[in-house]
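Read left to right, the sequence shown gives residues 65 to 392 (our numbering).
Structure record follows, encoded as structure tokens.
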Amino acid sequence: MTFEQRVLVTGGAGFIGSHFLNQVVPKYPRIHFTCIDKLSYAGNLDNLSPIVNESNFSFIKFDLSTRLDSLIELLKSNKPDQIINFAAESCVDRSFEDPLFFTLNNVIATQNLLEFVRLLCPSCHFIHISTDEVYGESLNAILSESSNLRPSNPYAATKASIDLILQSYVSSFKLSVTIVRGNNIYGINQYPEKIIPISIQSLINLNRKVPVHGDGHYKRTYLYIQDFNDAIELLWLQKKLGIYNVGADSQDEIDNLSLIKLIYDKINTKLGLKNFESLIDFVHDRNYNDLNYSMDSSKIKSLGWESKIRLSKGLDIIIENEFNKMNT
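Laid out in structure tokens, this is it:
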């Protein structure tokens with residue numbers, strides 16, 4: 065089959081990337097999607113089981129942080145029309161333990177991709193998945209795409225660094241780049257190192273304590289995976305360039321302890337758990353922990369996007385999925 069376009073998706077075996085591929089591969093049979101993933105601890109080919117046999121999909125195991133010439137050799141015969149870069153190390157706690165590892169995987173790996181584009185396919189549309197953490201804590205401000213970047217942890221600093229490098233490639237080499245900055249994304253099959261899957265799996269499977277940093281007062285805004293990928297799909301199809309904040313409504317901002325209590329209440333109606341307080345383990349706080357992140361998403365909303373799945377409904381979907389897995 066002759067395909068109309070070729071799209072390279074990096075980090076596609078991870079949480080967000082696999083949801084995106086499972087959404088778009090069946091939907092666009094005339095477009096070929098190639099997934100590159102190094103299959104780290106958080107990547108799993110099982111995440112791609114719905115599409116692994118589709119004729120418009122292929123998978124390559126490859127570490128983008130290796131030598132640039134190896135990447136060029138790998139891709140030069142099948143140059144993509146678009147690249148959607150999900151590949152990243154994203155665990156803030158791990159970034160405190162090994163900051164250099166995060167620089168290698170979040171900065172060098174992405175710049176290798178950029179160099180491939182600059183040298184071999186400069187007309188390629190490059191979509192990069194960033195994070196709201198590049199802004200640092202917002203306190204009482206609502207941050208727009210033009211707000212200053214003030215990252216406060218090694219993970220966020222690597223994401224901010226590559227955001228700036230991407231913008232420099234736009235100015236210096238006229239590359240076509242889109243940067244997408246999302247809230248805390250959550251959904252089915254998220255690796256259990258983030259607060260929502262940790263809480264759900266701990267309470268459902270083992271009735272064990274849920275770790276909480278500090279006193280649990282830090283706030284985050286949560287965006288369901290389908291809503292986030294709908295925004296990426298829109299920006300990809302419309303070939304929109306520039307920076308876009310993609311965030312849930314402010315009603316879905318919640319502090320960590322209240323989030324765990326919400327999850328507890330939903331599971332408790334089904335299982336009859338121990339007393340809530342007895343299931344909370346207040347652990348040593350992070351080296352630094354931003355109080356909150358608040359973004360202005362009016363730019364992406366002007367294109368017709370909006371978040372549709374509120375936090376409570378999204379949690380219901382995940383919890384039901386966990387119970388279904390237990391019963392199969």
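Positions of the beta carbon are idealized from the N, C-alpha and C atoms, including for glycine.
Owing to the predicted nature of the structure, the values given are computational and were not obtained by experimental measurement.
(message) Can you tell me where the alpha helix (DSSP H) holding Gln87 begins and where it ends?
(response) Here the alpha helix (DSSP H) through Gln87 covers Phe79 to Val88.
(request) Go ahead and label His192 buried or exposed: buried means 16 or more other beta carbons lie within 10 angstroms of its beta carbon, across all protein chains shown. (result) buried
(message) Alpha carbons only, please: which of Lys258, Ile148 and Ser266 is nearest the one belonging to Leu337?
(response) Ser266
(request) Buried or exposed for Lys238, please, with buried defined as at least 16 other CB atoms from any protein chain shown within 10 angstroms of its CB. (result) exposed
(request) Return the CA-CA distance between Ser366 and Ala312, expressed in angstroms with no decimal places. (result) 15 angstroms
(message) Counting C-beta neighbours from all protein chains within 10 Å, is the total for Pro215 16 or more, i.e. buried, or is it exposed?
(response) buried
(message) Is the beta carbon of Ala205 closer than 8 angstroms to that of Leu213?
(response) no
(request) Output the distance between the C-alpha atoms of Tyr199 and Ser141, rounded to the nearest integer angstrom. (result) 38 angstroms
(message) Buried or exposed for Ser263, going by 16 or more other Cβ atoms inside 10 Å?
(response) With a 10 Å radius around the Cβ and a threshold of 16 neighbouring Cβ atoms, Ser263 comes out buried.
(request) Would you decide whether Asn120 is buried or exposed? Buried here means 16 or more other CB atoms lie within 10 Å of its CB. (result) Residue environment for Asn120: buried (at least 16 other C-beta atoms within 10 angstroms of its C-beta).
(message) DSSP three-state label for Pro261, please.
(response) helix
(message) At 4 residues or longer, what runs of the alpha helix (DSSP H) sit wholly inside the segment 84-161?
(response) 132-139 and 156-161
(request) Indicate whether Asp101 and Gly78 have their beta-carbon atoms separated by less than 8 angstroms. (result) yes
(message) Is it the case that the segment 90-106 contacts the segment 142-151, given that we only count it when at least three CB pairs across the two stretches are under 8 angstroms?
(response) yes
(request) Pick helix, strand or coil for Ser362, following the three-state DSSP scheme. (result) helix
(message) Comparing C-alpha positions only, which one of Gln254, Gly378 and Met390 sits nearest to Leu270?
(response) Checked all of Gln254, Gly378 and Met390; the closest Cα to Leu270 is Met390.
(request) Put Leu72 into one of helix, strand or coil per three-state DSSP. (result) strand
(request) Would you kindly report the start and end of the unbroken alpha helix (DSSP H) that includes Asn320? (result) Element bounds for Asn320: Asn320 to Leu335.
(request) Please name the residue, chosen from Phe97, Asn385 and Asp133, that lies closest to Ile124 on a Cα-to-Cα basis. (result) The shortest Cα separation from Ile124 among Phe97, Asn385 and Asp133 belongs to Phe97.
(request) Check each candidate in Thr195, Arg158 and Leu139 and name the one with the smallest Cα separation from Glu179. (result) Leu139
(message) In the DSSP output, which residue or residues are listed as bridge partners for Phe346?
(response) Val276
(request) Return the chain-ordered list of same chain residues with a C-beta closer than 8 angstroms to the C-beta of Lys325, the five sequence neighbours on each side being excluded. (result) Phe340
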